[in-house]
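**Q** Before we start, here is the structure in question, set down as structure tokens.
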Amino acid sequence: MPVDSVAALEAAASYPHVTSALAELGGVSLSLIAERRNAQERANVNSDVIALSQRFALLMAEYQQSIADGRITVNEAKRLLRETTQLQQVLIEMKLHLEVEVS
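Given below as structure tokens:
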């Protein structure tokens, strides 16, 4: 598969599935912590709740896809773990924003 096709696929999926699989095969671990947004906006509780809902929906979609055959494989569990970690990151950011608003 040409690299530009992989890049387009991963952009559409909002997750680097092919890149992650290749990294895993090579024994490399990827960390997706850089947040890229289209516009810089002041974060508030409302935007945090929206981000939390979206991330939870992604986790549930990943879970539904993983459990469709009645079992969760090791690779599926790793994807669920990544989604759970991303959900946790959103919760941490929300907590920090709430602490700023309270103080």
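Going by the numbering used here, the sequence shown wraps up at 103, each residue one higher than the last.
Each residue gets a CB set at the ideal place from its N, CA and C atoms; glycine is no exception.
(1) Using only alpha-carbon positions, find the residue among E76, I92, Q54 and N44 that is nearest to Y63.
(2) If you draw a straight line from the C-alpha of E24 to the C-alpha of R79, how long is it?
(3) From A8 to S14, what distance separates their C-alpha atoms?
(4) DSSP on D4, reduced to helix/strand/coil?
(5) Spatial neighbours of E104 within its chain, please: CB distance less than 7 Å, with the 5 preceding and 5 following residues excluded, ordered by chain position.
**A** From the atom records:
(1) E76
(2) 12 Å
(3) 10 Å
(4) helix
(5) Residue 104 lies beyond the stretch modelled for the chain, which goes from 1 to 103, so this question has no answer here.
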